[in-house]
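Novice:
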Amino acid sequence: MTAPALVVSDAVTITRRNLIKYVRVPNLLVFSTVQPVMFVLLFAYVFGGAIKGALPPRVHYIDFLIPGIVVQTVVFGATQTGVGLAEDMTKGIIDRFRSLPMARSAVLAGRTMSDTVRNLFVVLLMVSVGTMIGFRIHTGVLPALVALVVALAFGFAMSWISATIGLVLRDVEAAQSAGFVWIFPLVFASSVFVPLRTMPGWLQAFARANPITNVANALRALTLGGATTRPLLYSLAWVSAILLTFSPLATRRYRKVV
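For the sequence shown, position 216 matches number 215 in numbering that gives the first Met the number 0, and the numbering has no gaps at all.
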């Protein structure tokens, strides 16, 4: 095999190894699916009536909410990349990988790919729950598939930020705590749950520049209808910028660690 082919092969092997872990320890997958489903149900029934007046005419809150929850789900799922890497370092698994004749970059690629596959499962489950309580796609199958790809691409990019944090901290609890420290402000100071117009003016400025808002707006345009070009381009720009910045940082840090 050529060098790129070996990297891909090794990355697929690592991906399979990480996914098998969820089969053998199903509690890991259960806990990662419970939270987004709870967010769907709680926000739909608890806040839906209060926020209804702030939405455009003929837009139901559940149709507004689900695209935002999808973004929140892939972002929260991305934090597990850093936790998983920190756990592997603590248990000495990274050292075992180093002793094998495999590409070192494959470990990071395999971890981020497996977390993306897990995100896909959780998103599909969450959308199914949303559909049961009234969520509908108003644009067709193709835009919905594009929305899914954009969401997973954003989660994949955010996994590289989490990987960098996990490799720097090298501790499971610290990586988990640090993940929520930078994720929570981004998620809740965005348009994931509420329209921007309901926020104070000073917070709206931050929320508009927030990458999570941009991706949520793109998903809503693709599922609810409306102009898609600008939010989609902004989302792809954020995905590209994050990958170009943090994948080299994570790879460099990984080489220093091992």
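We put the CB at the ideal spot given by N, CA and C, even for glycine.
Computed from a predicted model, the values in this text were never measured in an experiment.
(1) With a 10 Å radius around its C-beta and 16 neighbouring C-beta atoms as the bar for buried, classify Ser127 as buried or exposed.
(2) Do Arg110 and Thr80 have their CB atoms nearer than 8 angstroms?
(3) By the DSSP assignment, the alpha helix (DSSP H) with Ile182 in it spans what residues?
(4) Can you list, in chain order, the residues of its chain with a C-beta nearer than 6 angstroms to that of Ala105? Leave out the 5 residues immediately preceding and following it.
(5) Roughly how many angstroms lie between the CA atoms of Phe134 and Asp94, to the nearest whole one?
(6) Kindly indicate the opening and closing residues of the alpha helix (DSSP H) around Met157.
(7) Once DSSP output is grouped into helix, strand and coil, what is the label at Lys90?
(8) In the DSSP assignment, the alpha helix (DSSP H) including Leu119 goes from what residue to what residue?
(9) Please state whether DSSP places Ala49 in a helix, a strand or coil.
(10) Which class does Gly225 belong to by DSSP, given the choice of helix, strand or coil?
(11) Going by C-alpha distance, which of Phe183, Arg251, Leu119 and Ile65 is nearest Met37?
(12) Straight-line CA distance for Val214 to Gln34?
(13) Mind checking which residues open and close the alpha helix (DSSP H) that includes Arg207?
(14) How should Phe155 be labelled, buried or exposed, when 16 other C-beta atoms within 10 angstroms of its C-beta is the threshold for buried?
Specialist: From the atom records:
(1) exposed
(2) yes
(3) Val171 to Phe187
(4) Val6, Asp9, Ala10 and Ile13
(5) 46 angstroms
(6) Residues Val140 to Leu168.
(7) Reduced to three states, the DSSP call for Lys90 is coil.
(8) Ser104 to Met131
(9) helix
(10) In the structure shown, Gly225 falls within a coil segment according to DSSP collapsed to helix, strand and coil.
(11) Ile65
(12) 20 angstroms
(13) Gly200 to Ala208
(14) buried
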